[in-house]
Amino acid sequence: MTRDCSFLEALDLADDQISFADGRRESHATDFGTEQNDGSGVLPDAVVWPECTDDVSAVLAAATDRGVPVTPYAAGTGLEGNAVPTHGGISLDLTRMDDVVDYRPDDVQIDVGPGIIGSDVDEYVAGDGLFFPPLPSSGDISTIGGMIATDASGMQTVRYGEVADWVLSLEAVLADGTVVQTGSRAVKTSSGYNLTDLIVGSEGTLAVVTEATLELAGRPEQIRGGRAFFETLDDAAEAVFDAVRTDVGVARIELVDGVSATMANEYLGSDLPDAPMVFLEFHANHGIEEEIDLCRAIFEDHGVARFEMSDDDDEMDALWRARGELAYAVATYDPALEPLHPGDVTVPISSYPTVVRETKRLADEYDLLVPCFGHAGDGNLHYSVLVDPDDSAQLERGERLYREIVELAIELGGTATGEHGIGQGKREYLEPEHGAGAVEAMRTIKRALDPNDTLNPGKIFPETADGKRLRDSEQ
1 MTRDCSFLEA
11 LDLADDQISF
21 ADGRRESHAT
31 DFGTEQNDGS
41 GVLPDAVVWP
51 ECTDDVSAVL
61 AAATDRGVPV
71 TPYAAGTGLE
81 GNAVPTHGGI
91 SLDLTRMDDV
101 VDYRPDDVQI
111 DVGPGIIGSD
121 VDEYVAGDGL
131 FFPPLPSSGD
141 ISTIGGMIAT
151 DASGMQTVRY
161 GEVADWVLSL
171 EAVLADGTVV
181 QTGSRAVKTS
191 SGYNLTDLIV
201 GSEGTLAVVT
211 EATLELAGRP
221 EQIRGGRAFF
231 ETLDDAAEAV
241 FDAVRTDVGV
251 ARIELVDGVS
261 ATMANEYLGS
271 DLPDAPMVFL
281 EFHANHGIEE
291 EIDLCRAIFE
301 DHGVARFEMS
311 DDDDEMDALW
321 RARGELAYAV
331 ATYDPALEPL
341 HPGDVTVPIS
351 SYPTVVRETK
361 RLADEYDLLV
371 PCFGHAGDGN
381 LHYSVLVDPD
391 DSAQLERGER
401 LYREIVELAI
411 ELGGTATGEH
421 GIGQGKREYL
431 EPEHGAGAVE
441 AMRTIKRALD
451 PNDTLNPGKI
461 FPETADGKRL
471 RDSEQ
């Protein structure tokens with residue numbers, strides 16, 4: 001359905017802030033998770049680049065008055081179609097709002113626009129010995145606004161938590177153009193509803209973030225990285241569980257199976273053994289060797305074959321590059337095979353060995369290639385079910401396998417998505433995970449804040465999968 005967006009030209013926006021051109025619209029029709037899938041993108045009717053909060057407010061107020069959907073867009077690095085304009089309308093590209101608004105090193109805080117790249121925040125504060133700890137693996141290509149929208153997390157979550165834990169306050173615009181301030185610069189508050197946490201992780205369906213106050217942390221004085229190799233994947237997963245349960249001071253503890261190691265070698269030309277392994281990084285201001293020794297002892301209890309550590313920056317960069325590039329390595333490994341969906345389950349740490357074990361068992365049962373890796377320390381498992389898209393029987397097996405892993409994670413007390421969000425891809429799991437009552441409460445909040453379903457319709461709620469907007473699903 002084509003939406004008339006000509007009203008945008010009457011707003012107080014410069015000519016270069018609005019585009020109806022096919023090329024611009026096509027570049028906003030997909031995100032990373034959908035761009036490879038034929039037919040999964042949706043062209044917006046217009047693209048708008050706001051440069052300030054007033055611009056966002058004006059666009060949303062005018063769009064809501066006319067029943068035109070608005071989908072926030074940033075770097076397009078999402079994996080669940082979060083930024084795809086499912087119902088057309090306006091793609092609101094926030095990348096020009098990339099300023100550092102204020103920086104208060106004495107308070108260990110920074111105020112930034114939603115379009116700033118995550119790693120740019122780190123670079124900005126590095127001179128004062130500070131950093132933004134929860135950056136995801138894609139922190140050098142994704143924006144702070146996108147991270148807030150999906151409540152992203154990454155390799156350092158096991159020590160530092162997820163993005164939500166580091167957002168103190170937000171400036172955001174509601175669907176009708178109202179500008180709201182949430183939270184405060186204080187590190188704690190008991191004042192009123194926690195609107196900050198309500199907006200964080202809402203995937204642009206409740207409000208558009210236009211400024212965020214982030215808490216920072218001091219860079220650790222001691223950093224050591226390394227890797228450990230195991231005979232079996234089960235041994236590696238059990239070792240991770242034991243280390244986390246013992247509260248070993250790791251900042252990163254990543255699991256990589258032998259299949260993923262083979263794919264990384266082919267993609268990067270690296271020389272990782274094609275064996276199960278755990279990548280490690282320790283942060284401390286003192287006593288780091290004691291933490292490493294404790295971890296080594298625990299891993300030895302689980303039959304570790306090799307345990308290697310380094311404090312050389314170049315060696316550690318190479319180590320983490322191999323882990324960081326795995327998503328690309330998997331996607332390009334075999335031109336005849338395609339990943340079905342981005343697996344992103346997270347379970348309580350005691351269940352981590354179970355979900356890893358069962359994933360591999362199911363891969364064997366369905367005779368499919370399923371590389372596994374992930375932020376093991378927080379119970380997160382990334383997996384890709386690789387299938388021949390022209391083989392209908394294999395596609396069906398792949399869908400069943402993928403679904404069984406998600407259902408298992410929920411059964412174990414976990415979640416269908418640890419960091420990518422619900423978006424378009426995981427709507428069917430919302431109610432099994434949260435229950436009908438909780439999902440209806442979510443709908444009530446959405447309808448209260450966005451009664452016309454202006455903001456990012458077609459996301460999160462399962463009934464919108466057939467092209468309806470949430471407000472129409474009751475009729």
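So that you can map any letter, position 442 of the sequence shown is 442 in full-length UniProt numbering, and since no number is skipped, the others follow by simple counting. The beta-carbon is built from N, C-alpha and C at its ideal position, and this holds for glycine as well. Keep in mind the model is a prediction, meaning the values are calculated, not measured.
Q: Decide yes or no for the touch test of the stretch 310-322 against the stretch 374-385: beta carbon pairs closer than 8 angstroms, at least 3 of them.
A: Contact between the stretch 310-322 and the stretch 374-385 is absent: fewer than three C-beta pairs spanning the two stretches fall below 8 angstroms.
**Q.** Residue range of the unbroken alpha helix (DSSP H) whose run includes Leu268
**A.** Leu268 -> alpha helix (DSSP H) spans Gly258 to Leu268.
Q) Buried or exposed: Pro348, going by 16 or more other Cβ atoms within 10 Å of its Cβ? A) Label assigned to Pro348: exposed.
Q. Looking at the structure shown, is Pro72 part of a helix, part of a strand, or coil, going by DSSP?
A. In this structure, Pro72 counts as strand in the three-state DSSP scheme.
Q: With DSSP as the reference, please indicate the residues paired to Val100 in a beta bridge.
A: In the DSSP secondary-structure assignment, Val100 is bridged to Val112.
Q | Three-state secondary structure assigned by DSSP to Tyr193 | A | Residue state, collapsed to three classes: coil.
Q. DSSP on Ala331, reduced to helix/strand/coil?
A. In the structure shown, Ala331 adopts helical secondary structure according to DSSP, grouped into three states.
Q. Out of curiosity, what's the CA-to-CA distance linking Leu216 and Val179?
A. Distance from the CA of Leu216 to the CA of Val179, rounded to the nearest whole angstrom, comes to 25 angstroms.
Q. In or out: Gly76 buried (at least 16 other Cβ within 10 Å) or exposed?
A. That one is buried.
Q. Mind checking Met1: buried by the 16 CB within 10 Å criterion, or exposed?
A. Exposed.
Q. I think Asp344 touches His420, with their Cβ atoms under 8 angstroms apart; what is that distance to the nearest whole Å?
A. Sure, about 5 angstroms apart at Cβ, within 8 angstroms.
Q. Can you name, in chain order, every residue of its own chain whose Cβ lies under 7 angstroms from the Cβ of Asp4, other than the five neighbours on each side?
A. Around Asp4, the same chain offers no residue with a beta carbon nearer than 7 angstroms, after the five sequence neighbours per side are excluded.
Q: Helix, strand or coil for Asp93, going by three-state DSSP, please let me know.
A: Asp93 sits in a strand when the DSSP states are folded into three classes.
Q. Helix or strand or just coil, what does DSSP make of His286?
A. His286 sits in coil when the DSSP states are folded into three classes, being neither helix nor strand.
Q | For Tyr267 and Phe20, the rounded distance between their alpha carbons | A | Whole-angstrom Cα-Cα distance: 38 angstroms.
(Q) Quick check: the Cα distance between Ser184 and Val304, rounded to an integer number of angstroms? (A) Roughly 47 angstroms between the two C-alpha positions.
(Q) Between Gly33 and Pro342, how many whole angstroms is the CB-CB distance? I'm expecting something under 8 angstroms. (A) Yes, Gly33 and Pro342 are in contact; Cβ-Cβ is about 6 angstroms, under 8 angstroms.
Q: Could you tell me whether the stretch 229-239 touches the stretch 133-143, where touching means 3 or more Cβ pairs closer than 8 angstroms?
A: The stretch 229-239 vs the stretch 133-143: no contact.
**Q.** Simplified DSSP assignment, three categories, for His382
**A.** If DSSP states are grouped into helix, strand and coil, His382 belongs with the strands.
Q. Apart from the five residues on each side of it in sequence, which residues of its chain come closer than 6 angstroms, Cβ to Cβ, to Trp166?
A. The answer, listed in chain order, is Pro134, Leu214 and Glu215.
Q) Taking the alpha carbon of Asp388 as the point to measure from, which residue in Asn380, Arg397 and Leu381 has its own alpha carbon closest? A) When C-alpha distances from Asp388 are compared across Asn380, Arg397 and Leu381, the shortest belongs to Arg397.
Q: Output yes or no for whether 8 angstroms exceeds the beta carbon distance between Glu433 and Ile410.
A: Yes, Cβ-Cβ distance for Glu433 and Ile410 is below 8 angstroms.
Q.
Assuming the contact rule is C-beta atoms closer than 8 angstroms, Gly146 and Gln424 should be a hit. Round their C-beta distance to whole Å, please.
A. Rounded, the Cβ-Cβ distance is 16 angstroms, inconsistent with contact.
Q) Is the Cβ-Cβ distance between Phe282 and Ala251 less than 8 angstroms? A) For Phe282 and Ala251, yes; Cβs fall inside 8 angstroms.
Q: Report the three-state DSSP secondary structure of Thr464 (helix, strand or coil).
A: Helix, per DSSP.
**Q.** 8 angstroms Cβ cutoff met for Thr210 and Val56
**A.** Remark: C-beta atoms of Thr210 and Val56 approach each other more closely than 8 angstroms.
**Q.** Distance, Thr150 Cα to Val200 Cα
**A.** Cα-Cα distance, rounded: 7 angstroms.
(Q) Are the CB atoms of Leu60 and Gly88 within a distance shorter than 8 angstroms? (A) No, the pair does not count as a contact, with Cβ atoms beyond the cut-off.
Q.
Can you give me the C-alpha to C-alpha distance between Arg323 and Asp45, rounded to a whole angstrom?
A. Between the C-alpha atoms of Arg323 and Asp45 there is a straight-line separation of about 38 angstroms.
Q.
From the DSSP secondary-structure annotation, give me the bridge partner or partners of Leu214.
A. Ile110 and Val167, per the DSSP bridge assignment.
Q: Look at Leu408 and Tyr366 and say whether their C-beta atoms are less than 8 angstroms apart.
A: No, Cβ-Cβ distance for Leu408 and Tyr366 is not below 8 angstroms.
Q.
Let me check one thing: in DSSP terms, what residues is Gly225 bridge-paired to?
A. In DSSP, Gly225 forms a bridge with Glu281 and Ser310.
Q: Have a look at Ile405, Ala436 and Tyr124 and flag the residue whose alpha-carbon is nearest the alpha-carbon of Val101.
A: The shortest Cα separation from Val101 among Ile405, Ala436 and Tyr124 belongs to Tyr124.
Q) Counting along the chain, where does the alpha helix (DSSP H) carrying Gly398 start and finish? A) Segment Ser392 to Glu411, the alpha helix (DSSP H) holding Gly398.
Q.
To the nearest angstrom, how far is the alpha carbon of Gln394 from that of Val370?
A. Going by the C-alpha atoms only, they are around 13 angstroms apart.
**Q.** Pair within 8 angstroms by beta-carbon distance, Arg219 and Gly129
**A.** A contact, by the Cβ cut-off of 8 angstroms.
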